[in-house]
Structure formats: structure tokens, C-alpha cells
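A quick write-up on the structure given underneath.
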Amino acid sequence: MSKSSQENWLPKLIDTALPVFATAAALLVGAIMLLLLKVNPVEAYKAMWDGAFGSQNALAETLVKATPLLLVGLGICISFRGDVINIGGEGQMIVGAILGTLVGLTLVDWPGWAVIPIAVVAGFIGGAIWGGIPGALKAYFNVNEILSTVMMNAIAVQLMNFLLRGPMIDPSQAALASKIPQTARLLEAFRLPRWVPTRLHLGALIAVVLAVLVYFLLWRTTWGYRIRAVGQNPDASRYAGVKVKNYIVLALVLSGAFAGLAGVMQVYGVNYRMITDGSASGFTGSAGFNGIVAALFGQLHPIGTIPASILFGALLVGANKMQRVVQVPSALITALNGLVVVFVVSSEIWRRRRQKRRMAVAVSEVEGQPPEGYPPDPDHQPEVPA
Amino acid sequence: MISDLFSMTVLVGILASGIRLATPYLYASIGETFSQRSGVLNLGVEGQMLLGAFAAFYVALTTENLWFGVLAAIVVGGLMGLAMAFVTINLHAEQGISGIGFYLFGLGLSDLLFQKMLGTVETVKGFPKVHIPVLSDIPVVGEIFFRQNVLVYIALALVPLAWFVLNKTTLGLKIRAVGENPEAADSLGVSVARIRYFTVVLGGIMSGVAGASLSIALLNVFQQNLTSGLGFIAVALVYFGAWRPWGVLAGALLFSLINSLQLWVQVLGIPIPSDIAVMMPYILTILVLVLTVSRVRPPSALTKSFERGD
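First to last, the protein sequences are chains E and B.
Following this note's numbering, the numbering of the first sequence begins with 964 at its first residue and continues without gaps.
Following this note's numbering, the numbering of the second sequence begins with 418 at its first residue and continues without gaps.
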């Protein structure tokens, strides 16, 4: 083994393992918090593990929870690579679910094999619209997308509450005094197939297939290349003739569309109806936010986001079990997710430092200018003609 | 009825509660103005507010002293700000994303503490309305401006103070320099890191107080996700106000007046679905962002971390 390859693999391994260290650090902080709450952390974490992986059903629930995280996370991979910060996953999920549900409640005479794909497309479009609006506002009016996507979340929640209390309310609820804000249940023929006896549905498989597609989109197509180029250096992209504004919109449209898919999958795979408790997380389970965490954890790589989503799905499912066994509110996991994000972005400094050092070494070795193209850009792609 | 909206009592009610509702935004947005003018986007405001709100509520409930509550919010907000400062200034972490991390942390931790330490929604006797002698007797104006609680007065007083500090003092000059051109400021001997630490911690403190103004002055309760997006709107108002304290005041007032109008519309039973009414302030904020933001330039170094060259 040559000296240089020896030098290369260890830091690379550490780079890949950084998120794991970040999680370990967050769990360690969690353990301290548990001790302060006078709970045995070993017992608590064991309950979490059992809850997430302890049985066939637990494992299936973990994957059910991971599915929306992965779908939202795929969208996040696209937008964050394009340097567009999409915080609007919650709203995009909701609007996607609304449009998808409308399809299922309207086309009641149609066969399932036709309705499900139409509903999925409707969800995709719903999310795309809800992401596209902030995208256009950013591209053409310079409105910060972080703010507009947050506003769009709030608008989507109210839209959902309005529709489920009024025009879309379950007719049987409308007749009752209770008037629970929910839609009618989807016909059995319209539900995504399940791996009986668990709740694991086809959506999980679809999400994994889409992860591969997103990988191809980002690294093997012109669109993907340009989204990333715009994200890395908008000025250079503009000089190269790329219509930067269009790619900003595209990044948010696609990002929203995947969140919309997550929403529609929740309806057609898990709940078979929309129901609201007035808040966004009541419908989404905060997947719009946690999907960001999963994508960051997967280093904004679609394939890396798969195990990351499973990990966070496991944390969420495990947290419920922990709540039952040792009476620690599952909110602890939300706090720990936040810490994971902070630790992951903070540990980036290690990677940058190493890159800098490597460059310095290269300079000293040739005793002059670094050779052209050094350090090599791992994402480097040949220029695609405009 | 719609015509009820235009009666004097209702109009005064809308304006008075509009100003009251603006308080949490004012504290958080003015703090955020300082951070952003120095080049740091703090997106963790919502999390800082939640922890501040909980700390203030819990301490006020147990000590029965509201000022201890405010102090607790200051300490907690300041600590959150310190963590944010360390992560973004020393570790050069991406500001927007670490802010989301701190938001989730605050959301989860405040919920956890609420469930473990309180368990149920309780109420606290919050800051009473203080009638300012003479002024509060002026018809209309007195009722709108001078019969508010003390945190409202402080928030309003902070606007000119923030303007003065930012524009008329050496400290303000340094903050603006660091936010516009950190390299130049550094070469003139200004410590970029120290200034940013100051503004980010200040931002945390102000967010904490903003939370306190909700939990022990405006609503007088604490529950899960009490702020429900308020902190993010506070960040939006900084853009809206073009990074100027007076602009932030205008934005906070406009937003909360629309909100107050929306509440009164529901109280008066005007047949607009409440969900649609609640939507209005958000739609309006987006529209105003479209109209204003494209004309103003943010601080040049906003979201850019600074590393001294060797």
C-alpha cells in the first residue's frame, strides 16, 4: 500500500463516520438529561432499541416512520445541493396530501390501479406548487426562501384545517355534533398494499427506488448537474450560460414535490384519511423538519439518506416505547434530533481543516504552486454543454 | 356585523391589542436585527423563545416573582445564544442549519421540561396593566398606548435605543462594519468574533425575553409549542424592516394589527372562516416581503462565517 492511499482512507472513513459520532454525542447528552430526570439511561435506551427493532412489528413501524423522512429528505438533498434552504416540508406534505386525498374522494367509481397513480401524481404536483411559490419568490423577487417556506407552512395548516372542518369533512362527521375535522376514509381498493400483519406499505419501497432515481438525477443528468453548479457557484454558473433563476425554482419545485409525495403516502399507506388536530405536526408527525435532519445526516446524498431515515424513524418509534416504559416524554428525542443537527454541522470544520492541510502539504511537496486541479474536487463532472 | 368593526370601541380595542401582540415580535426582532447586522443569521429564535417562555413561566410560578421570571428567561436565552455563537463563530457551522438544530432542541427540551416539571397547563398571574398617570386619561390615545403592561413599554422603548446604539455609537459602527466587511473591520483592529459573540448572545437574551413576554405577560400560560411559529415570523420581520429598528417596529405593528383585526373579526362573529382569517397575516407578510425585500440589500456578510487569514 502506498503512502498516499494509506493517508487517504482513514480520514475518509472518519468523514463518513462523523454523523455517527454526532449521534453518539447527542445520545450521550441525552443520557445526562435522563440521569437528571432520575431515569436509568441504559434502561431507557434499551426500551428505545426494543421499541424500534425488538420485533417484526417494531421493525415495520420503524420503516413506516422512516418513509416520509426519506421522501422529504430526498427533496432536501436536491434543494440544499442547490443552496436553497427549504424549511417548508410540513406545508408541502400537507398540500400534497390534500390534493392526493381529493383524487381518492372524487374518483370513487374508478379502479384502484388507476386512482393510486393519479393520487400520487396529484400529491407530487401539490408539493411542487407549494415549493414552487417560494422558489419563484426567491428567484424573481429576492425573498428569502427560509422565511417564505415557513410562512407557507402556516398557510398550509390553516388551509388543511379549513378544508377538513368544512368542504372536505367526512359526511358522517358533518351529521354529528362532534364534527371531528377529518375526511371520509379512502375506499379499500385505493389503499397501498401492506405487508400484513404489519403496517409497512408499498410507499417504503417506492421511496427507496426514488432515492436511486434522485441520485441519478443529481449526478447523471444535466438538470442535476446545473442545480448543484448553481448551488456551489451561482456567478460562475451564470457566466457559463446557466439560467440560474430557473434552477433555483426547479430545486424548490422538486424539493416540494418529494415532500408532497411523503404527504400522499401517509394518507394512502398509513391513515387512509386526513385528520387534523389543528397543528401541522398532528398530520405530518414533524416529518417535514425531521426529513431535513435525516438528509443532513446522510450528508445530502440520496443513498446516504436511506439509512439516516431508518435511524431517525427508529429514534421516533423507540421514543414512544421509552415513554411507555420509563415515562420519559418522547419530546426528548426532538431535542436530541436538534443536537444531532448542531453536532453534524459543527463537525464539518474537521473536513474543511483536513482539506486545507492537504493542500498545504501538496504545496510544500512541489515547493511552489499546487499542481493544477489540486485539491481534486470529488464532485467534479465534465462540463455539460448548455 | 362588518359595520361593528368601525365603531370606536372596537377600533380602539383592535389597536390596543395590536400593540400588545407586537411585544414578543419586537423583543425577538430587535435582538435578531443586532445579530444580522453583524452578519449572523440566527434561525434558532423560536427555540430560544420557547425555552425563555418556559423558564420565565416556571420561575414566576414557583417564586411568585415575575421579575425573577424575566431574569430566568434572560439567563436561558443568553446561554442558548452563547451556544449558537460558539457553533457559528468558532466552529464556522452553517448558520441557517444550526439555527434549525437549536430550534428543534428548544422545541423538544421545553416540551420535555413542561411535561416533567408542570404536567398540566397552569396559569400564572402575569404582569398587570400599568396606567401611566395623566397620559392614560387621554381619550383614545391613552387607552391604546398607555394602559399596557410594563413589558410592552420596555419593548417600545427599545426601538429608539436600538436605533441609537446601531447608528450613533462606536459599538454600532463596529457591528455594522463586521456585518458589511469583516476583513476590513478586522484589519482595523476590530475583533469580529467578539462583536459577533456580543450580538448573538444579545439576540438570545432578547428572544428569551420575547418568550417571557408571551408566557408571563400576554398569555400567562405555558404549553407545548407555545410560540407556534412566532419566532420564525420575528426573523421575517427583520427582513421586512430592512434591518432597521424603526422598520422592524413598523413590521411588528402591521403584522400584529392584522392579527388583532383577525381576532376581533372572530369575536364579532363576522362570517369569515376562522382558519382563513388566521392565514391572513402570513399571506400579508409574504406580500410585503415581495414588495420591500427586493429593494433593500441585506448586510453583505450575512450568513458568511469569518476566518482570519494567516
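Where a beta carbon is used, it is the ideal one built from N, C-alpha and C, also for glycine.
Using only CA atoms, which one of the options lies nearest to residue i?
| i | options | result |
| --- | --- | --- |
| Asp-1013/E | Val-1280/E, Leu-1026/E, Trp-1158/E, Arg-1321/E | Val-1280/E |
| Gly-728/B | Ile-1050/E, Asn-1003/E, Thr-1069/E, Leu-1126/E | Missing from the structure shown is residue 728/B; chain B here goes from 418 to 727 and no further. |
| Gln-465/B | Pro-716/B, Leu-496/B, Ala-718/B, Trp-663/B | Leu-496/B |
| Ala-1353/E | Val-1230/E, Ser-1242/E, Ser-1218/E | Residue numbering for chain E in the displayed model covers 964 to 1349; residue 1353/E lies beyond these limits and cannot be assessed. |
| Asn-482/B | Gly-543/B, Ala-445/B, Gly-461/B | Gly-543/B |
| Val-1304/E | Pro-982/E, Ile-1092/E, Pro-1130/E, Trp-1186/E | Pro-982/E |
| Gly-1059/E | Ser-1018/E, Val-1027/E, Gly-1223/E | Gly-1223/E |
| Leu-521/B | Pro-577/B, Arg-611/B, Phe-649/B | Phe-649/B |
| Pro-362/B | Gly-536/B, Gln-565/B, Glu-539/B, Thr-540/B | For residue 362/B there is no data in the structure shown, the boundaries of chain B being 418 and 727. |
| Gly-1129/E | Phe-485/B, Leu-666/B, Thr-720/B, Ile-689/B | Ile-689/B |
| Leu-1274/E | Leu-973/E, Thr-986/E, Ala-980/E, Pro-974/E | Thr-986/E |
| Phe-1306/E | Arg-1287/E, Arg-1320/E, Gln-1262/E, Met-1285/E | Gln-1262/E |
| Gln-641/B | Ala-1029/E, Leu-1295/E, Leu-1168/E | Leu-1295/E |
| Ala-1298/E | Ala-994/E, Leu-976/E, Pro-974/E, Asp-978/E | Ala-994/E |
| Ser-1244/E | Ala-1119/E, Arg-1317/E, Thr-979/E | Ala-1119/E |
| Leu-666/B | Arg-714/B, Trp-580/B, Leu-605/B | Trp-580/B |
| Gly-1248/E | Ile-1266/E, Arg-1287/E, Gln-1229/E | Gln-1229/E |
| Leu-1127/E | Ala-500/B, Leu-467/B, Ile-693/B, Val-707/B | Ile-693/B |
Check whether the Cβ atoms of residue i and residue j lie closer than 8 Å to each other.
| i | j | result |
| --- | --- | --- |
| Ala-629/B | Val-487/B | yes |
| Glu-600/B | Ser-717/B | no |
| Phe-1153/E | Gly-1095/E | no |
| Val-617/B | Ser-515/B | no |
| Val-1289/E | Ala-988/E | no |
| Ala-1250/E | Val-1035/E | yes |
| Ser-632/B | Leu-643/B | yes |
| Phe-1221/E | Gly-1038/E | yes |
| Ile-1061/E | Met-1123/E | yes |
| Gly-513/B | Met-623/B | no |
| Gln-1121/E | Met-696/B | yes |
| Phe-531/B | His-548/B | no |
| Leu-1155/E | Gly-1067/E | no |
| Ala-1277/E | Ala-1015/E | yes |
| Ile-703/B | Met-1114/E | yes |
| Pro-1031/E | Gly-1254/E | yes |
| Leu-432/B | Ile-561/B | yes |
| Ser-446/B | Ala-669/B | yes |
| Ile-1057/E | Phe-1252/E | no |
| Pro-662/B | Thr-480/B | no |
| Ala-634/B | Leu-568/B | yes |
| Leu-1033/E | Ser-1200/E | no |
Is any non-hydrogen atom of the ligand COA found closer than 7 Å to the C-beta of residue i, if you look at the structure I gave you?
| i | result |
| --- | --- |
| Gly-464/B | Judged by which ligands are present, the structure shown has none, so any question about the ligand COA falls away. |
Classify residue i: buried if its beta carbon has 16 or more other beta carbons within 10 angstroms, exposed otherwise.
| i | result |
| --- | --- |
| Phe-657/B | buried |
| Val-1175/E | exposed |
| Gly-1336/E | Note that Gly-1336/E has pLDDT 49, beneath the 50 cutoff, so the model's placement of it is unreliable and the number below is only indicative. Classification of Gly-1336/E: exposed, given that the 10 Å Cβ count is below 16. |
| Met-964/E | Per-residue confidence for Met-964/E stands at a pLDDT of 44, beneath the threshold of 50, marking its modelled position as unreliable; no derived number is given. |
| Pro-1334/E | Here the model assigns Pro-1334/E a pLDDT of 48, short of 50, so the residue's position is not dependable, and the following value carries that caveat. With fewer than 16 other Cβ atoms within 10 Å, it is exposed. |
| Glu-511/B | buried |
| Glu-1053/E | buried |
| Gly-686/B | exposed |
| Ser-613/B | As written in the sequence, residue 613/B is Arg, which differs from the Ser given in the question. Per the 10 Å Cβ criterion, buried. |
| Ala-1091/E | buried |
| Lys-1284/E | buried |
| Val-655/B | buried |
| Pro-1345/E | Only weak support exists for where Pro-1345/E lies, its pLDDT of 49 falling under 50; the value from the coordinates is given anyway. With fewer than 16 Cβ atoms within 10 Å of its Cβ, Pro-1345/E is classed as exposed. |
| Gln-1318/E | exposed |
| Met-425/B | exposed |
Give a yes or no on whether the minimum CB-CB distance between residue i and chain A is below 8 Å.
| i | result |
| --- | --- |
| Val-1113/E | Any reference to chain A falls outside this structure, whose protein chains are E and B. |
Validate contact between the stretch 1040-1049 of chain E and the stretch 1181-1191 of chain E using beta carbons, cut 8 Å, 3 pairs: Result yes; three or more Cβ-Cβ pairs closer than 8 Å.
Inter-stretch contact at 8 Å, needing at least 3 Cβ pairs: the stretch 461-476 of chain B / the stretch 520-529 of chain B: By the Cβ rule, the stretch 461-476 of chain B counts as touching the stretch 520-529 of chain B, because three or more pairs are nearer than 8 Å.
Complete runs of the alpha helix (DSSP H) confined to the stretch 1101-1139 of chain E [at least 4 residues]: With a minimum length of 4 residues, the continuous alpha helix (DSSP H) runs that stay inside the stretch 1101-1139 of chain E are 1108-1128, 1134-1138.
Three CB pairs or more closer than 8 Å across the stretch 427-440 of chain B and the stretch 563-581 of chain B: Yes, since at least three Cβ pairs between the stretch 427-440 of chain B and the stretch 563-581 of chain B fall closer than 8 Å, the two stretches touch.
Within the stretch 615-690 of chain B, ranges of the alpha helix (DSSP H) (whole runs, at least 4 residues): Counting only runs of 4+ residues, the alpha helix (DSSP H) found wholly inside the stretch 615-690 of chain B occupies 647-657, 662-684, in chain order.
Complete runs of the alpha helix (DSSP H) confined to the stretch 987-1020 of chain E [at least 4 residues]: Complete alpha helix (DSSP H) runs here, min 4: 1004-1016.
Three CB pairs or more closer than 8 Å across the stretch 553-568 of chain B and the stretch 678-688 of chain B: Output reads no: the stretch 678-688 of chain B does not touch the stretch 553-568 of chain B.
Contact the stretch 1210-1217 of chain E vs the stretch 1095-1104 of chain E: 3+ CB pairs below 8 Å: In short, these stretches touch, since the Cβ pair count reaches three.
Uninterrupted alpha helix (DSSP H) stretches inside the stretch 480-536 of chain B (no shorter than 4 residues): The qualifying runs are 483-502, 512-530.
Given 8 Å, three or more beta-carbon pairs between the stretch 1230-1241 of chain E and the stretch 1105-1115 of chain E: Output reads no: the stretch 1105-1115 of chain E does not touch the stretch 1230-1241 of chain E.
Segments of 4+ residues assigned as alpha helix (DSSP H) that fall wholly inside the stretch 1148-1234 of chain E: As for any alpha helix (DSSP H) of minimum length 4 sitting wholly inside the stretch 1148-1234 of chain E, the runs are 1165-1183, 1185-1195, 1197-1202, 1207-1228, ordered along the chain.
Cβ contact check for the stretch 452-462 of chain B and the stretch 601-614 of chain B: 3 or more pairs under 8 Å: In short, these stretches touch, since the Cβ pair count reaches three.
Alpha helix (DSSP H) runs wholly inside the stretch 555-619 of chain B, at least 4 long, in chain order: Along the length of the stretch 555-619 of chain B, whole alpha helix (DSSP H) runs at least 4 residues long occupy 558-562, 567-585, 587-597, 599-604, reported in chain order.
Alpha helix (DSSP H) segments (min. 4 residues) lying fully within the stretch 1027-1072 of chain E: Listed in chain order, the complete alpha helix (DSSP H) runs (minimum 4 residues) inside the stretch 1027-1072 of chain E are 1052-1069.
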